[in-house]
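Written out below as structure tokens is the structure these notes cover.
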Amino acid sequence: MKINFILNKEAVSIDVDPMKRLLDVLREDFGLMGSKEGCGEGECGLCTVIYDNKPVTSCILNAIHADNKEILTAEGVAEEPLGKLLIECFDETNAVQCGICFPGFLVSSYHYLLTDGEPVLEKIKTALSGNICRCTGYKKIFESVLLACQRKKSGEA
Amino acid sequence: MKFYKPTSLPDLFRIVNDIEGKKYYLAGGTDINVQIKKDMIKDEPVIFINHLNELRGIFEVEDKIIIGCLTSFKDLLESILIKKHLPYLQKSLNAFASPLLQAMASLGGNLANGSPTADLTPPLLVLDAKLKILSRSKMRIIPLAEFYRGYKQFNLKHNELIGAIIISKQAEAGYDCFHRKIGSRKALTIAKIGLAGLKKAENGIIKDIKLAAGSLNEYPRRLIKLEEYLVGKSIDSLNFTDIEEILQKEITPISDLRSDKEYRWQVTVNLLETFLKN
Amino acid sequence: MRDIRKFDARPKLDGSWKFLDDITYEGMIYGQLLYSTCHHGIIKKIQFPKDFELNEFTIVSAKDIVGKNLVPEPEPDQPFMAEDKVSHFGQIILGIAHPSKRTLISFIKQIQIDYQELPAITDIEECLENEDNVFGREIIIDHRREIELESNWIHSHEIYYTPHQEHAYMEPQGIISIWNPADRKMFVKATCQCPYFVKHAVEAIMGKAINEAVIETSEGIGGAFGGKEDFPNVLAGITSLLAYKSGKPVKIMLDRADDFKITTNRHPSRIELHTYTDPATKKIMKLNVDYRLDAGAYQTLSPVVLSRGVLHASGGYNIPDVYIRGRLFRSNTPSNGAFRGFGVPQALAAIEAHADKIASQLNMDPYDFRKTNIFKVGNEFPSTQKITENHLEECLDRVVQKSDYRKKLQEFKEWNVAHKDKKGIGISMGYHGGGYTGNGEKILNSKIKIIIEKDAKVKIFVSSTDMGQGAHTTLAQMFFEAIKHPREKCWVQLPNTSKTPDSGPTVASRTIYIIGTMLQKFALKIKDEMGFTNLEEYVASHQSDFPREFQIKFTPDPTVSFDDNNFRGTAYKDYSWAACVSEIYYHADTYQIELKKIWNVLDIGHPVNLKIAEGQVEGGNIQAMGYALTEFFYKKDFGRMQGFTDYSIPLSLDIPEIDIEFIHTDSDVAKGLGEIPMDYPAPAIRNAFHNAAGIFINEYPLTPERIFKQISSPKNHRI
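Residue numbers (our numbering), protein chains in the order written: chain A, 25 to 181; chain B, -8 to 269; chain C, 716 to 1434.
As structure tokens, then:
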């Protein structure tokens, strides 16, 4: 089936099995490896992308869901000004450890920063509650997002 | 796996009427894709409905709120209408999975999945939610409480679909509202116990009460006998021996991977006690 | 202690850093494992489904093994694949490959195996209670002294239990193998901690079929925590066999549920303690430890977990008379393996809970009791190794001070009288020996290679992997900071066994402590020998000498010796020390413990990179929190957990406040850090619960179900 969508701000079209997982479409058909597979059941957040203006786990979406929609992957977020701000903050605090969950955290944090951005720890924790990290203990992730929120607020970015 | 993408609601029912045997509706996909991965769905036909926008949305019609079956948890969480009329329901939505799943999962899908642990069913039950069930030529409205008939058994014919959920705008008004989900952590967890309640008391006497439990039976259900017993009782002199005796007939907690029946029982009693006394 | 940023953070964030599953090769096919669902039995028949083209699949069994069907390291007793008998659930029977992932999964799901079932031990308690299940070598640490038991001494006897723990690294296990018949080399791309273990395993299974196995890690290793120390050896062996038989590159990525079900876990333990305490002096006079681990079906690396476990079993206490006995028990479950802490979390679960037990018998505050019994310079470990510094006590004092322990204790006591819910505060302390146990480092004899290029770029070649702990950033930092070389001119190369020498496995909190120290010393040595103050200027003025290659070998400290037979002598040259206070809130309605805050004070010597070091402590704390409160893996009659909603690791909303302080940071030595933050927090959480609710529970995790059971039947000590 032919599916048209906007991927990282670019119109794309692909002939694909409509039931193919969106995650596999991104990785196999578009070579976007920033979305990782950690569980395949929507429970870990490694494959988080922005779909239709909201963060979702792409492993439990199908190609058909993308039809006529807009998708932003970690690669796309990294090109956005707020994505760049977040990357700087994650880097500055040495928050990243193994890093395989971080593209997912980047996407969820980006959505928070974009739609709310209030530097409030509890709100950040809720916004990130679908993304699992086993290395960091989350503390430096929270610190990074707080820092990005503060910088956004004070107009540094 | 045969795949259908209906062009409209009538087209959907045309397709549905032609399919014999098992089929799956694909809305947000949060459940179906897990079942496909686990090989629980093999070659059964899948009908995509997520694009049928006539099944989506939150509307105010006279004294009712009507929620299209495709409406996502996130839509409900962000809805001004829900915030205005059903704030308790809105707060209850936070218990569901994680923001990433809230964005995709639909309310209709959550109900039709029929999981005994479904997070939102107990609050919807105490709100006396009704289901608008659609088929090609008919529409019927049934109370949610009459939808479940056993473990994953529904009051739903093969050519029917839950079209919308209907809740009275007054459903919460004047009630003390209560909802607790007990899981092994705060997010992304399957409920060991889900308990919802609405209570109206005057001068220390219970005037009206609605209680519902999830994860404690084969499907989420109202605790009707307990409700009947409690109406007219004085809050300060509740007899918990009686309450436990009735409750025993209403719930059948089990031991499984996630918890034990003894624990489920006692915590249900504790939570009920806290809710009833406060 | 400079906060150098990690060199790989940005590419990891934008998705360009390659993890194993991000790599494909021309013509690559996909593999999966068919494993036993029977705990113990004889394979009677394997039946393949009919509606598949069998010749499209590559299938390997034990019969296809050219070399030996025995994983060579650490203890060579585990077969790569079952032959006619299976000894545990999850034992691999076949490796199967096909060009389509979907077809492969559907094929494997439909394969039927008939077993003749044999009696099996799958329950932790059943395994550890029965001494008939003992296997492998028993370890005794005998530090008995002729002390007469006084009749008024307080006898404290308890048995402590810990469960399995799943690593739950976010990247499942995976391997890619590529067979090159031209040079008869097997190239293996691995997400692993120990490239040389993998090399030895692949060479063992392939035997004469290949000349050499070359192992290279993927750029990204998505978490390991010990879980990628031994299982990759098995997986690489089977993947290589598939590559050899099919002639095509083969990739196996385990599905999350399979990874949960068949890979190694932390060893469950049963630790029985007897102590005798003099009520007059409040000092423990005598300790007897029976330390038991459920090893699973094979020993593999359990003997080394056991030896580290018993060497930490007496905790930070000075006890004149100690007898420790350590044993492995066999069960029909997958072999348990390395996991951050390596026997020490189990040891501290027992001794640190026991300290609170004795304190309560003496009606003493747990901090005062520890102060009375903590070891001091001049005392010795049960192995007779001398205590040379009082840093453990300093950690303890500092953490008690900064957490406001005494004040909180009083406040909570008053608060608890008036409330149904309870607040509690608890202490624990511990230590972790750096590097391999005993003579291990001497035997490992680690090697490093360094090339200094014509443009003064320094390339560091080690087999130590960066699995997220930041090893490659910190190792480079240790080199360039020592001689003030620019950071962008110093890089650790991707581990590859044909290029990087064997600097030992990336385990045992040894990477910075052993390998980093070697690099640092070497940097200072060449500076001294070549006589430069600026390496760039030196290279510029001595161009004909470069590029220049250096080989460095580990030099053991001649004063350090350990008797492996009697467990006497210096078990570890340097110990890291730590103490911890935790604060909890207990919900009486639901029997749930909520961890509010945790304070850590550690002496890890010199923290090379403060933020990376803090990150290790934060991550270790949260793994320990899961271990103490929510993570359990196997429930009798319900089997193993399969996914992230079954197996409850802490998520963002569960995270407490974490406070960290390092002391003695001006030390010359950068000691071990990776494991200790996982060792000590769990008993502090357990002790805080005791302080809150007055209930002793001797088994992790402290799930609300377990607490409820304990409350409703206090006599029933064990659940």
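A virtual CB, placed ideally from N, CA and C, is assigned to each residue, including glycine. Nothing here was measured: the structure is a model prediction, and the numbers come from that model.
Val80 of chain A carries a strand assignment under DSSP once its states are collapsed to helix, strand and coil.
In summary, Ile862 of chain C is exposed, with fewer than 16 beta-carbon neighbours lying within 10 Å of its beta-carbon over all protein chains present. Residue contact with chain A for Asp736 of chain C: present (Cβ-Cβ distance below 8 Å to some residue of chain A). Looking at the backbone, the Cα of Arg720 of chain C and that of Leu957 of chain C are separated by about 41 Å. Where Asn44 of chain B is concerned, there is no enclosing beta strand (DSSP E), because DSSP gives it neither an H nor an E.
Of the residues A:Cys63, A:Val80, A:Thr117, A:Glu94, the one whose Cα lies closest to the Cα of Tyr162 of chain A is A:Thr117. The C-beta separation of Val40 of chain A from Ala87 of chain A comes to about 5 Å, placing the pair in contact by the 8 Å criterion. The C-beta of Asp1361 of chain C comes closer than 8 Å to at least one C-beta of chain B. With a contact defined as Cβ atoms closer than 8 Å, Leu214 of chain B and Glu241 of chain B qualify at about 5 Å. By the rule that beta-carbons nearer than 8 Å mark a contact, Glu1420 of chain C touches chain B. By the C-beta criterion, the region 167 to 185 of chain B is judged to be in contact with the region 247 to 264 of chain B, since at least 3 inter-stretch pairs fall below 8 Å. DSSP lists C:Ala905 as the beta-bridge partner residues of Thr932 of chain C.
Where Phe940 of chain C is concerned, there is no enclosing beta strand (DSSP E), because DSSP gives it neither an H nor an E.
In this structure, the CA atom of Leu1366 of chain C is about 8 Å from the CA atom of Asn155 of chain A. Per DSSP, Tyr134 of chain A has no beta-bridge partner at all. Going by beta carbons, Ile1400 of chain C and Ile1412 of chain C fall outside the 8 Å limit. As the crow flies, the alpha-carbon of Ala1294 of chain C is around 12 Å from that of Val1332 of chain C. In terms of CA proximity to Gln1076 of chain C, C:Trp868 leads the group C:Ile1163, C:Lys1351, C:Trp868, C:Gln1184.
Annotation for Ser1382 of chain C: Gly1320, His1321 place their beta carbon closer than 7 Å to its own, counting only its chain and skipping 5 residues before and after. Per the coordinates, the alpha-carbon of Asn848 of chain C lies some 10 Å from the alpha-carbon of Arg1042 of chain C. In terms of beta-carbon proximity, Gln257 of chain B lines the interface with chain C, with at least one pair separated by less than 8 Å. Just measuring C-alpha positions, the residue of B:Asp119, B:Lys74, B:Leu68 sitting nearest Ser97 of chain B is B:Leu68. For the region 177 to 201 of chain B, the beta-carbon criterion of a distance under 8 Å to any beta-carbon of chain C is satisfied by Lys177, Ala178, Leu179, Thr180, Ile181.
For the pair Phe114 of chain A and Lys164 of chain A, the Cα-to-Cα distance works out to about 8 Å. Secondary structure note for Cys1110 of chain C: its alpha helix (DSSP H) is the uninterrupted segment 1106 to 1117. Here Pro134 of chain B is bridged, per DSSP, to B:Lys121. Nearest C-alpha to Leu843 of chain C among C:Ser1276, C:Phe1377, C:Gln1235, C:Ile874: C:Ile874. Taking the Cα positions, Glu1095 of chain C is about 26 Å away from Thr1232 of chain C.
Residue burial is scored here from C-beta neighbours: His754 of chain C has at least 16 other C-beta atoms within 10 angstroms and is therefore classed as buried. Between Asp1080 of chain C and His1405 of chain C, the C-beta gap is not smaller than 8 Å, which leaves the two residues out of contact. In the DSSP assignment, the residues bridged to Asp167 of chain B are B:Lys190. Going by DSSP, Lys201 of chain B is part of the beta strand (DSSP E) stretching over 196 to 205. Of C:Phe1044, C:Asn1033, C:Thr978, C:Tyr991, the smallest CA-CA separation from Ser984 of chain C is found for C:Phe1044. For the pair Asn1131 of chain C and Ala1407 of chain C, the CB atoms are nearer than the 8 Å cut-off. Residue burial annotation: His1257 of chain C is exposed, with fewer than 16 other C-beta atoms found within 10 angstroms of its C-beta. At least 8 Å separates the CB of Ser97 of chain B from every CB of chain A.
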